[in-house]
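Numbering-wise (this note's numbering), the sequence shown opens with residue 4 and increments by one.
C-beta atoms are modelled at their ideal positions from N, C-alpha and C, and glycine is treated no differently.
Note that the coordinates shown come from a computational prediction; the quantities given were computed from them, not determined experimentally.
The block underneath contains the structure these notes are about, expressed in structure tokens.
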Amino acid sequence: MTRFSKRLAASTALACGLAGLVGAGTAQADTTLTYAGASGTYDVAITPEAIRIDGEGREWQLYRADDPAILSVEPGQSRYTRLDRTSAARIRSQMDQMRARMEQRLSQLPEGKRTAARVAMADEIPGMGGTGRVGLEATGARDTVNGVPCKIYQVIRNGEAADTMCVASAGSLGLSGTSYETVQSMFTLLQEMLEGTGLEGIGLPYQNLDGMPIRFIDSVSGEQRTLSSISHKTLPDSRFDVPSTYVEEQPQRPTAG
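Following this line, the structure appears as structure tokens:
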């Protein structure tokens, strides 16, 4: 998988807790949500203008409403990568060409070997194994996580039960309407950039949620990531700035064979 694919996948995975916000409730201008799990903690800082996601390690990601792009920032290297619609379209075209070359190679194999070869290629080349389908089913069950009520949903991937989420309303978390619009615009961008990459199935069915997950159970690893704290302290603008001394890197071109 290319660096572009990995970072786009990471952006989607880290941001899964922000899906489909609705309702304002007692809204606050700034919100920081902290999630904890066996693999560590990550913070999601949300303002009406921007979103910053800090996971394990020093790297972090940034989205600004006035400049639609996902910036993956590497402080240790004093650099960042910018993924926007233009760069995504360019790399999508390159990946289409790469998949076409691989399909040509597959066509030259005996029929009995094509399936195994395609499975092997799918591990390295997104889309060679087909595009995943993602859906959502309400279980009707309810729970409370750290005092916040939520509804339990089952994620369905390719027709099979997968991850489980407990979804809270945005109002119960104190998120503002303008923060909601910023989150929605970020996910619109992410979904557009995922289209045609072969990674469409890794995300959550954002448009089907009536709130946002505050507990997420991974169906593969079994890890449970849970909202551990909510803060509405004012966040400084500097937290959403990339230092001017950092160097922008171009997204890595896909390569195969």
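{"query": "Which stretch, first to last residue, makes up the beta strand (DSSP E) that contains Leu-193?", "result": "Where Leu-193 is concerned, there is no enclosing beta strand (DSSP E), although the alpha helix (DSSP H) it sits in stretches over 180-197."}
{"query": "DSSP three-state label for Val-122, please.", "result": "helix"}
{"query": "Measure the C-alpha to C-alpha separation of Pro-152 and Val-170 and round it to an integer number of angstroms.", "result": "8 Å"}
{"query": "If you draw a straight line from the C-alpha of Glu-62 to the C-alpha of Ser-96, how long is it?", "result": "28 Å"}
{"query": "Can you find at least 3 beta carbon pairs, one from the segment 184-193 and one from the segment 50-59, that sit closer than 8 Å?", "result": "yes"}
{"query": "Within 10 Å of its beta-carbon, does Thr-191 have 16 or more other beta-carbons around it, so buried, or fewer, so exposed?", "result": "exposed"}
{"query": "How long is the line joining the alpha carbons of Gly-28 and Ser-241, rounded to whole angstroms?", "result": "Any reading at Gly-28 is ruled out, since the residue's pLDDT is 41, under 50, leaving its predicted position unreliable."}
{"query": "Just grab the DSSP bridge partners of Gln-157 for me.", "result": "Glu-140, Thr-167"}
{"query": "Name the DSSP bridge partner or partners of Gly-43?", "result": "Gly-40"}
{"query": "Could you name each continuous beta strand (DSSP E) segment of 3 residues or more that falls completely within the segment 63-112, going from the start of the chain to the end?", "result": "63-67, 70-77, 82-86"}
{"query": "So is Leu-112 buried or exposed if we call it buried at 16+ other beta carbons inside 10 Å?", "result": "exposed"}
{"query": "Which residue's Cα is closest to the Cα of Asp-69: Phe-243, Thr-142, Ile-217, Ala-32?", "result": "Phe-243"}
{"query": "Going by C-alpha distance, which of Arg-160, Met-168, Arg-93, Gly-79 is nearest Lys-154?", "result": "Met-168"}
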